[in-house]
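J.:
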């Protein structure tokens, strides 16, 4: 079985990421753990948010945009595939999409037992730092 991705993005989210990349350069996401804007994926210029050993790399979306999550929150979400989506409305002022009148959100589904086993066999995801 191929490993299921831990992180995906909808076509709409990828289109907004592409527009933001043109404007701001390379990007990154950090899945907020409840601070500032609930539990939203926060989009930053790459390197503006400092990741450390307590951050887990979920993977990449829109080609090469890394998506990080705090280790404690990862423990809650480890059995869940996360999809970054976008809806109309303003989110947190700290996330780059806010002035666009759009807001990144997450949707999720629980991995199947087989997917959980495959991910466990592959070992732990990379951490920052």
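Residue numbers (my numbering): 3 to 131.
Using N, Cα and C, we set each Cβ at its ideal position, and we do this for glycine too.
With the cut-off set at 7 Å, would you say residue 83 and residue 35 are in Cβ contact?
T.: Here residue 83 corresponds to residue number 81 of the chain shown, with the count starting at 1. Here residue 35 corresponds to residue number 33 of the chain shown, with the count starting at 1. It is not a contact, given that the beta carbons lie outside the stated cut-off.
J.: Looking only at DSSP bridge pairs, what is residue 72 linked to?
T.: Walking along the chain shown from the start, residue 72 turns up at place 70. In DSSP, residue 72 forms a bridge with 57.
J.: Going by the beta-carbon positions, is the gap between residue 48 and residue 29 smaller than 7 Å?
T.: Translated into positions along the chain shown, residue 48 becomes position 46. Translated into positions along the chain shown, residue 29 becomes position 27. Their beta carbons are under 7 Å apart, which means residue 48 touches residue 29 by this criterion.
J.: Starting from residue 20 and walking both ways along the beta strand (DSSP E), at which residues does that stretch end?
T.: Locating residue 20 in the chain shown gives position 18, where the first residue counts as 1. First-last for residue 20: 13–26, but that is the alpha helix (DSSP H), not the beta strand (DSSP E).
J.: Between the beta-carbon of residue 105 and the beta-carbon of residue 89, is there less than 7 Å?
T.: Walking along the chain shown from the start, residue 105 turns up at place 103. Walking along the chain shown from the start, residue 89 turns up at place 87. For residue 105 and residue 89, yes; Cβs fall inside 7 Å.
J.: Using the Cβ count rule (16 or more neighbours within 10 Å means buried), how would you classify residue 69?
T.: Here residue 69 refers to the residue found at position 67 of the chain shown. The residue is buried, with at least 16 neighbouring Cβ atoms inside 10 Å.
J.: With H, G and I counted as helix, E and B as strand and the rest as coil, what does DSSP make of residue 6?
T.: On the chain shown, residue 6 is found 4 positions in, with the first residue counted as 1. Of the three classes helix, strand and coil, the one that applies to residue 6 here is coil, per DSSP.
J.: Would you decide whether residue 33 is buried or exposed? Buried here means 16 or more other CB atoms lie within 10 Å of its CB.
T.: Along the chain shown, one-based indexing puts residue 33 at 31. With 16 or more Cβ atoms within 10 Å of its Cβ, residue 33 is classed as buried.
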